[in-house]
Amino acid sequence: MPVGRNTLIKSVTFKFLSMIFLVFLAVFSTLFFFSGKDIERNDKNNFIEKGRAAAQSLALSLSRTAELDIKNGIFIDGKLYRGDQLEKLIFDDNLAVIKESEQVAEKRKQDPKYAEQKVTLHDGKEIPLWQYELKYISNSDKYTDLRWQSIIDSYMGDRNIVFALPTKYSKDPDKSGYIGTHNSVYSPVGEKSKDAWGDEGLLSQKYRANRIFNDSTGFNAAKYTLEEVNASKNEQENNNGALVQQYPRVIENTIVNMWDVSYPITINGKHWGSVRVSMSQEKAEMLIAKEKQALIIKFAIIGFIVLIFLYILTYFVVGKRITTLYKSTEAIFSNGRIRLSSNLNVGGHDEIGQLNNQINHFLRSLQETVVSIQEVSSQIEGSSNDL
-3 MPVGRNTLIK
7 SVTFKFLSMI
17 FLVFLAVFST
27 LFFFSGKDIE
37 RNDKNNFIEK
47 GRAAAQSLAL
57 SLSRTAELDI
67 KNGIFIDGKL
77 YRGDQLEKLI
87 FDDNLAVIKE
97 SEQVAEKRKQ
107 DPKYAEQKVT
117 LHDGKEIPLW
127 QYELKYISNS
137 DKYTDLRWQS
147 IIDSYMGDRN
157 IVFALPTKYS
167 KDPDKSGYIG
177 THNSVYSPVG
187 EKSKDAWGDE
197 GLLSQKYRAN
207 RIFNDSTGFN
217 AAKYTLEEVN
227 ASKNEQENNN
237 GALVQQYPRV
247 IENTIVNMWD
257 VSYPITINGK
267 HWGSVRVSMS
277 QEKAEMLIAK
287 EKQALIIKFA
297 IIGFIVLIFL
307 YILTYFVVGK
317 RITTLYKSTE
327 AIFSNGRIRL
337 SSNLNVGGHD
347 EIGQLNNQIN
357 HFLRSLQETV
367 VSIQEVSSQI
377 EGSSNDL
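Residue -3 is where the sequence shown starts when you use the working numbering, and the numbers rise one by one after that.
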């Protein structure tokens, strides 16, 4: 009788491998869950740590540059600024709204989806998005654009950093969070700066400088001081004291979640504001998903190899011997007859070998019983003939 599909499915080998597969699936699922959590935690920490390091280094570079310029002087628009005059210019927080920006806001308000959007400020007050996105100008811009923008651009080699910008603190909460300059990639000009409403350059929504970011993220970043940095360092070991916040960034009606990492800018002992470095959560999640996918493939390959090994091992150690035992017993017990002259020869000292010996013992006992019956039958036949 050949071993069919149903027989194979009911076989001990198949059941054993099925149980092993289920155990492996449970074990690998558990390992993947915890490994995935480790990957997620490590990647997020690495992203944030890069932002911390960049924010601190950039803030110190801008601070040092400003202090040297105040000491040595610098020409701006053909005029030498130095000492208190330059320091006053750098800390000037007088702002004037750009008239063209107000005209652009009127045009955008015609878009119902845009007009209904609100922004919650640091004090909980809600204002329309168009008002939040108005552009301003400050006397200090001519210094920050001239001296700081190129320094900021030099820190944009890390592809994980989405943008970096200095945000100014003001005692007037309505002005705190002003950004006078920006890394040039996120202050585009020309055709590439054109937004959904057709505006370009400074008036484009894509141009992020000359804005007051006084929502909770921008306000908290602007007022974050060196004293708070030192307090944070004392509370947490291996922390450079940067302020980490989550920031939903709105561009052309699309919200992208960011990690906003801030470090204070201090010039000659005075708090100017902070550097904000943005790390995209989306990029981190893409990297996490990619590493998890690689982990799944690795586990699948390992599982496949182990199952193949177990199949081969089971086949030769157990399956093949069971098949031999099955075929031998099938030859002995076939067509309703028992071949008492046959003998099983599977061998071994394990359970299968013991079963082989027991069957052989049974066959010998059965053979002896048949011989005894034949002898008794002959005796009866002889006695019958005598009678």
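Beta carbons are placed, not taken as given, at the ideal position from N, Cα and C, and that holds for glycine.
Selection from Tyr259, Lys84 and Val225 that minimises the alpha carbon distance to Glu63: Lys84
For Pro260, three-class secondary structure by DSSP: strand
Ile66 to Ala285 span [Cα, whole Å]: 48 Å
Cβ-based neighbour list, Val181, same chain, cut-off 7 Å, excluding 5 preceding and 5 following: Met152
Where the alpha helix (DSSP H) through Arg104 begins and ends: Lys95 to Arg104
Contact set for Leu58: own chain, Cβ-Cβ below 7 Å, skip 5 residues either direction: Trp144, Ile147, Pro162, Ile261 and Val271
Burial state of Asn210 (16 or more Cβ within 10 Å): buried
Whole-angstrom distance between Met275 and Lys11, CA atom to CA atom: 51 Å
Met15 burial status per 10 Å Cβ neighbour count (16 or more: buried): exposed
For Leu130, the three-state DSSP class (helix, strand or coil): coil
Asp89 versus Ala296: straight-line alpha-carbon distance, rounded: 60 Å
Those residues which DSSP pairs with Ile297 across a bridge: Its beta-bridge partners do not exist; DSSP assigns none.
Contact under 8 Å by Cβ, Ala218 with His178: no
Continuous alpha helix (DSSP H) stretch holding Tyr110: start and end: Pro108 to Ala111
Classification of Ile208 by the beta-carbon crowding that lies within 10 angstroms, buried from 16 upward: buried
The segment 15 to 25 touching the segment 130 to 142, judged by at least three CB pairs closer than 8 Å: no
DSSP state of Glu122 mapped onto helix, strand, coil: strand
Separation of Arg37 from Glu287, as counted between CA atoms: 12 Å
Of the residues Val225, Gly176 and Ala101, the one placed nearest Ala192, counting alpha carbons only: Ala101
Straight-line Cα distance separating Ser361 from Asn353: 12 Å
Rounded separation between Val158 and Thr213 - CA only: 16 Å
Straight-line Cα distance separating Phe87 from Gly69: 16 Å
Euclidean distance between Cα positions of Val372 and His357: 22 Å
Where the alpha helix (DSSP H) through Ala160 begins and ends: Here Ala160 belongs to no alpha helix (DSSP H); instead the beta strand (DSSP E) covers Ile157 to Lys164.
Nonlocal neighbours in the same chain, by C-beta distance under 7 Å from Ser189, ignoring five residues either side: Glu196, Gly197, Ser200, Lys202 and Tyr203
Residues bridged to Met152 (per DSSP): According to DSSP, Met152 bridges with nothing at all.
Limits of the alpha helix (DSSP H) - the one that Thr177 falls within: Element bounds for Thr177: n/a, residue is neither H nor E.
Leu385 and Phe17 closer than 8 Å at C-beta: Because residue 385 is not part of the residues shown, which for the chain are -3 to 383, the question remains open.
Ordered list of alpha helix (DSSP H) runs contained in the segment 186 to 226, each at least 4 residues: 212 to 218
Arg37, DSSP secondary structure in three states: helix
Three-state secondary structure assigned by DSSP to Asn234: Note that Asn234 scores 46 on pLDDT, short of 50, meaning its location in the model is unreliable; the coordinates nonetheless yield the value given after this. Coil at Asn234, not helix or strand.
Same chain, Cβ closer than 7 Å to Phe43, five either side skipped, listed in chain order: Asn156, Trp255, Met275 and Ala280
Cα-Cα separation between Ser166 and Trp268, rounded to whole angstroms: 8 Å
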